[in-house]
Amino acid sequence: MAEFPRWRLARTKTMKQHRERHMLYFREHVKTLDEQSIGEAYMLLLTIGRKYFSYTDRWTVFGPVYATVPDHWHRVASDLNPGSEDYEQILKTPRLIIHTDQMTIERANPESLEGLPETPSSACQQGTRSS
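Residue numbers for the sequence shown follow my numbering, beginning at 54 and rising by one.
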């Protein structure tokens, strides 16, 4: 999808009912990275995200808690579709939420519902949430 000197961007194998879902990974097969490389990765994700997630007001970068390739450093960026297959898992994952228009970033911790649209099932169970 896109190549950078030290990184590759690919669509994830499973889209899980998201319109866009991308993985940025380090070209070399390493489990951990130095702080400067991690910063570079997040800067690339923010730049890439402006293009691929322009259709939505918010999108997210997931922490590696549920990574299917745990021994290769990568991050997944996705829209926040409450109807997606993995939405309940998203709620359990540390993540950054990026607000597209202002490019502001907030950190969301597991089970923190702030900043996320509610699922149809959670609206019925918990009443309505204000945002």
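Virtual Cβ for every residue (Gly too), placed ideally from N, Cα, C.
DSSP places Leu149 in the uninterrupted beta strand (DSSP E) bounded by Arg148 to His152. Counted as a single uninterrupted DSSP element, the alpha helix (DSSP H) harbouring Ala94 occupies residues Glu88 to Tyr105. If you compare the alpha carbons of Lys66, Gln155, Glu56 and Arg74 with that of Leu133, the shortest gap goes to Arg74. If you ignore the 5 residues before and after His127, its C-beta comes within less than 8 Å of the C-beta of Met76, Leu77, Tyr78, Phe79, Pro117 and Ala120, all in its own chain and listed in chain order. Around Ile150, the same chain offers Arg111, Thr113, Glu159, Ala161 and Gly168 as residues with beta carbons nearer than 6 Å, after the five sequence neighbours per side are excluded.
By the C-beta density criterion, Gly102 is buried, having at least 16 other C-beta atoms within 10 angstroms. The straight-line gap separating the alpha-carbon atoms of Gln89 and Phe115 is approximately 19 Å. Its Cα nearest to that of Thr146, the residue Ala130 stands out among Ser107, Trp60, Met96 and Ala130.
With fewer than 16 other beta carbons inside 10 angstroms of its own, Ser107 counts as exposed.
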